[in-house]
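Q: Each position in the sequence shown, counted from 1, maps to that position plus 10 in the working numbering. Quick one: the structure is below, questions incoming.
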Amino acid sequence: MKVHSNCQKGCRVTLSMQRREFLRRAGLTGAAAVAVAAGLPRPAAAQDADLAPFLHGVASGDPLHDRVILWTRVTPPTGHDERPIPVRWVVATDVEFGNVVAAGTVDATAQRDWTVRVDPTGLEPFTYYFYAFQALGQASLVGRTKTAAAPGQAVDHVRLGVVSCANYQEGFFNAYARLADRDDLDAIICTGDYLYEYEDGGYGPGSAIGRGHEPPVEMTELVHYRGRHGHYKLDPDLRRLHQLFPWVTTWDDHESANNSWRDGAANHDDSEGDWAERKAWCQQAYDEWMPIRPTGDRAKIYRHLPWGDLVDVVVMDTRLEGRNRQVTYPGTDTENLGGLIVSPDASDPNRHIVSPTQMEFVTSTLSASPARWKLVAQQVIVSQWNAGAIPLLPEEVRSLDFPMLVRDGGNAANADAWDGYQADQLQFMRHIGDNAIDNVVILTGDVHSSWAFDVTTEPSNPTVYNPVTGDGSVAVEIVCPAVASESLGDTFNGITMTPVGADAFEAAMRANNPQLKYLDSRRQGFVILDITPEHCQADWFYVTVEAPNDAEEYGASWEARHAANRLTAAAAASEPKAPAPQRPAPGAVLPSGDPEPAPGPLPATGGGAVVLGAAAVVGAVVLRRRGGQGTTAAVEAPLRPGPRPGEQNR
Ligand SMILES: [Fe+2]
């Protein structure tokens, strides 16, 4: 969804050395170095040649109790042919790599756009690890990650950062920087729009603020999708947040094209080629460039990640996997003509936002979950969003370019969200309510604004839902703001709504949605989700995006108490956890030399050889246990066509 209409379519590095290294690597000297040292504006995104060949940093993701995906990308030197490049990886329990517990070698190949993904096994649950890569005689940044808790393991506290909608062209990633300042998070959850498909200046000012998209064209081909992923990962704030925490990600529409669905997208037409091919290319690039655990099918990213007895995370794909087309404007083949859609199609039981197979996976996983809290990380608003009687709304609201349909009592709704797929919406809510599944927390992005809902099948029916007591609510929904994309009520660049329009919009939302407990339509930022056996609390924090800065503003906090299944206001932001024991500096790198696993037994392992999915293993990864035999661990996914000439040089 886009919300305005101007778019066409053995490391013993001392701290001081690390600091100097960071400044040098960031290309900062003189006044710029002083500014960074003082915590002032950070360097803009740019290719930092000193990081070569690991220009895009390191990342980790999808932690399980005994393994975690580790990622990097080797940029081949100019003139390099398609010969694979051996990449050594190493995992240690300390930031100095004095206690190496796993290491191995994998090939970076042109088939995977020179990205590397390994999945070392045998790690300890709920434990911090440090990792790095070596290739072509150079070392990568040192990354930190953390495994999840083991099934049934008692866990008393999990804290997550929740993000979405990071349009590079619209602002700086200060939200990522503020999350990176924290040191008590177990993971970052991204509910989609990690990047955007538009050409330079196609959505947001782009080059006008020094943040034009690369490549400068709309992503329609594999080389574009790969290039855009690479460009985003040059942003220093995004790179730093990947360096510090494991991420759990899903795509929304802009990883492919605006308002995409299974067989097309609003921002796709026949002149741009075959949609099925374009979709496969975006999914291939996502698989290559994101620290995501392969399922054996690049098109299938819905999955389940447990965090001990406290949290189960169910990740959904409401976008590309099974979604039928959004309802269309009467008598036309388009979702939006700047007007309303009055369509019974929105409640057609044969129209789905996910396939019946995915719906069964999600509902059965929730039913079977032994965890106290069940998080559902997905893209678009699940709750009913009644925008009010459209003729009474400000012109700016009426002209929003997402498909608007009319439902209950003449209210307008977003047909791109679950409101446009009311049979699935009701089925999902009823499954939770009818089976009395406690403590379901839905995590949502997409709308570039902050919302908190009680989840109920009939929010305006007092016999079903009482907005004062919360009776009738079966779950809660937390919507995180955009990292950088223009907010729904944003005045940045003055494009979408005036402040008066934004105020009227928010007032209409509150008046028409008794289940809506919190709304901020204007600001960018992120959510901290604090989870204990007693509560799951969302804290909204806001940033500005016009320039790099260190400002952060606290917004509000809402919590679900255990078994309440509704939201109540929390008096203050949740208390931080104890910080991680060690933190790699922004420029920390492995030392020269070759860290090896130390002698002695490894911690308890999760078992032997693991090959994920129907993977074609390009390079065997050997996990060396201390004093033990090697174990083959993971790695590659099915291969698609290789890169086009020249692309490996970015
Ligand atoms: Fe977005």
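Note that the Cβ used here is the ideal one computed from N, Cα and C, for glycine as well. Here the structure is a predicted model, which is why all the values come from computation and not from measurement.
His362: which of Gln437, Thr260, Gln388 and Gly306 sits nearest, CA to CA?
A: Here residue 362 refers to the residue found at position 352 when the sequence shown is read from its first residue. Closest by alpha carbon: Gln437.
Q: Which two residues bound the contiguous alpha helix (DSSP H) that contains Asp513?
A: One-based indexing of the sequence shown puts residue 513 at position 503. Unbroken alpha helix (DSSP H) run through Asp513: Pro509 to Asn522.
Q: Nearest to Asn177 by alpha carbon, out of Ala197, Ala149 and Arg238?
A: Within the sequence shown, numbered from 1, the residue matching residue 177 stands at position 167. Of Ala197, Ala149 and Arg238, the residue nearest in Cα terms is Arg238.
Q: Does the distance from the C-beta atom of Val325 to that of Tyr312 stay below 8 Å?
A: To locate residue 325, count along the sequence shown from 1; it is residue 315. To locate residue 312, count along the sequence shown from 1; it is residue 302. In this structure, Tyr312 lies closer than 8 Å to Val325 by Cβ.
Q: Beta carbon of His264: closer than 7 Å to some heavy atom of ligand 1?
A: Indexing the sequence shown from 1 puts residue 264 at position 254. Yes, ligand 1 has a heavy atom inside 7 Å of this Cβ.
Q: Can you give me the Cβ contacts of Thr103 inside the same chain, cut-off strictly under 7 Å, excluding the 5 residues immediately before and after it?
A: As a position in the sequence shown, residue 103 is number 93, starting the count at 1. Same-chain partners within the cutoff: Asn109, Val111 and Tyr139.
Q: Can you name, in chain order, every residue of its own chain whose Cβ lies under 7 Å from the Cβ of Val465, other than the five neighbours on each side?
A: Taking the sequence shown and counting its residues from 1, the one referred to as residue 465 is at position 455. Around Val465: Val392, Ser393, Met439, Ile452, Ser483, Val484, Ala485, Val486 and Glu487.
Q: In whole angstroms, what is the alpha-carbon distance linking Ala149 and Pro301?
A: On the sequence shown, residue 149 is found 139 positions in, with the first residue counted as 1. On the sequence shown, residue 301 is found 291 positions in, with the first residue counted as 1. Using only the alpha carbons, I get a separation of about 19 Å.
Q: Can you find a heavy atom of ligand 1 that lies under 7 Å from the Cβ of Asp456?
A: Within the sequence shown, numbered from 1, the residue matching residue 456 stands at position 446. Indeed, a heavy atom of ligand 1 lies less than 7 Å from the Cβ.
Q: Does DSSP put Cys292 in a helix, in a strand, or in coil?
A: Here residue 292 refers to the residue found at position 282 when the sequence shown is read from its first residue. Three-state result, Cys292: helix.
Q: Is the region 60 to 70 close to the region 242 to 259, with three or more CB pairs under 8 Å?
A: yes
Q: Tell me whether Ile391 sits in a helix, a strand or coil according to DSSP, three-state version.
A: Position 381 of the sequence shown, counted from the start, is the residue given in the question as residue 391. In the three-state reduction of the DSSP assignment, Ile391 falls in the coil class.
Q: Taking only three categories from DSSP, how would you classify Gly535?
A: As a position in the sequence shown, residue 535 is number 525, starting the count at 1. Strand at Gly535.
Q: Between Asp117, Ala276, Phe515 and Gly443, which lies nearest to Ala425 when the distance is taken from Cα to Cα?
A: On the sequence shown, residue 425 is found 415 positions in, with the first residue counted as 1. Ranking Asp117, Ala276, Phe515 and Gly443 by Cα distance to Ala425 puts Ala276 first.
Q: For ligand 1, any of its heavy atoms closer than 7 Å to the Cβ of Ala190?
A: The residue you call residue 190 lines up with position 180 of the sequence shown. No - ligand 1 has no heavy atom lying nearer than 7 Å to the Cβ of Ala190.
Q: Go through the region 138 to 226 residue by residue and report every complete run of the beta strand (DSSP E) that reaches 3 residues or more, in order.
A: 138 to 145, 153 to 156, 168 to 173 and 197 to 200
Q: Kindly indicate the opening and closing residues of the beta strand (DSSP E) around Asp117.
A: Reading the sequence shown from its first residue, position 107 is the one you call residue 117. Here the beta strand (DSSP E) through Asp117 covers Val110 to Ala118.
Q: State the start and end residues of the unbroken alpha helix (DSSP H) segment that holds Ser377.
A: What you label residue 377 is simply residue 367 of the sequence shown in a count that begins at 1. Counting along the chain, the alpha helix (DSSP H) containing Ser377 begins and ends at Pro366 to Ala378.
Q: Do you know offhand how far Tyr213's Cα is from Thr454's?
A: Sequence index remark: in the sequence shown, residue 213 carries index 203 (1-based). Sequence index remark: in the sequence shown, residue 454 carries index 444 (1-based). Taking the straight line joining both Cα atoms gives about 22 Å.
Q: Between Cys175 and ligand 1, is the CB less than 7 Å from at least one heavy atom?
A: Residue numbering aside, residue 175 sits at position 165 when the sequence shown is read from its first letter. Yes, since a heavy atom of ligand 1 falls inside the 7 Å radius drawn around the Cβ of Cys175.
Q: Does the structure place the region 185 to 192 close enough to the region 85 to 100 that three or more beta carbon pairs sit under 8 Å?
A: The way I'd put it, the region 85 to 100 doesn't touch the region 185 to 192; fewer than three beta-carbon pairs between them come closer than 8 Å.
Q: Name the residue from Arg308, Lys310, Val390 and Ile442 whose alpha carbon lies nearest to the alpha carbon of Ser374.
A: Reading the sequence shown from its first residue, position 364 is the one you call residue 374. For Ser374, the nearest C-alpha among the options comes from Ile442.
Q: Could you check the C-alpha separation between Ser266 and Thr230 for me, to the nearest Å?
A: Stepping through the sequence shown from its first residue, residue 266 is reached at position 256. Stepping through the sequence shown from its first residue, residue 230 is reached at position 220. Going by the C-alpha atoms only, they are around 8 Å apart.
Q: DSSP on Asp549, reduced to helix/strand/coil?
A: Within the sequence shown, residue 549 is the residue found at index 539, counting from 1. Judged by DSSP in its simplified three-state form, Asp549 adopts strand.
Q: DSSP has Val321 in a bridge; who is on the other side?
A: On the sequence shown, position 311 is the one that residue 321 refers to. Paired residues: Trp317 and Trp383.
Q: Could you tell me the distance, in whole angstroms, from the CA atom of Arg636 to the CA atom of Asp76?
A: The count along the sequence shown starts at 1 and reaches residue 636 at position 626. The count along the sequence shown starts at 1 and reaches residue 76 at position 66. Confidence in Arg636 is poor, its pLDDT being 25 and thus under 50, which makes the residue's placement unreliable; the coordinate value appears in the next sentence. Going from the Cα of Arg636 to the Cα of Asp76 covers about 16 Å.
Q: Between Lys289 and Cys200, what straight-line distance do the alpha-carbon atoms span, to the nearest angstrom?
A: Stepping through the sequence shown from its first residue, residue 289 is reached at position 279. Stepping through the sequence shown from its first residue, residue 200 is reached at position 190. The alpha-carbon atoms of Lys289 and Cys200 are separated by roughly 20 Å.
Q: Taking DSSP as the reference, what is the three-state secondary structure of Leu453?
A: The sequence position of residue 453 within the sequence shown is 443, counting from 1. Here Leu453 sits in strand by DSSP.
Q: Look at the alpha carbon of Ile219 and the alpha carbon of Glu209, and state the distance between them as a whole number of angstroms.
A: Sequence index remark: in the sequence shown, residue 219 carries index 209 (1-based). Sequence index remark: in the sequence shown, residue 209 carries index 199 (1-based). Between Ile219 and Glu209, the C-alpha separation is close to 15 Å.
Q: Find the nearest neighbour of Gly332 within the set Asp319, His314, Lys310 and Val321, judged by alpha-carbon distance.
A: Walking along the sequence shown from the start, residue 332 turns up at place 322. Cα-wise, what sits closest to Gly332 is Lys310.
Q: For Ala494, verify whether its CB is less than 7 Å away from any heavy atom of ligand 1.
A: Numbered from its first residue, the sequence shown carries residue 494 at position 484. No, Cβ of Ala494 sits at least 7 Å from all heavy atoms of ligand 1.
Q: Do three or more CB pairs link the region 151 to 158 to the region 112 to 132 at distances below 8 Å?
A: They do not touch, by the three-pair rule.
Q: In three-state DSSP terms, what is Asp663?
A: No answer is possible for residue 663: it lies beyond the span of the chain, which begins at 11 and ends at 660.
Q: When DSSP builds the beta bridges, which residues end up paired with Pro256?
A: Here residue 256 corresponds to residue number 246 of the sequence shown, with the count starting at 1. The partner list for Pro256 (beta bridge, DSSP) reads Ser70.
Q: How long is the line joining the alpha carbons of His278 and Val233, rounded to whole angstroms?
A: Stepping through the sequence shown from its first residue, residue 278 is reached at position 268. Stepping through the sequence shown from its first residue, residue 233 is reached at position 223. Roughly 17 Å separates the two Cα atoms.
Q: What do you get for Pro366, buried or exposed, if any count of 16 or more other CB atoms within 10 angstroms of its CB means buried?
A: Start at 1 with the first residue of the sequence shown, and residue 366 comes out as number 356. It is exposed - the Cβ of Pro366 has fewer than 16 other Cβ atoms within 10 Å.
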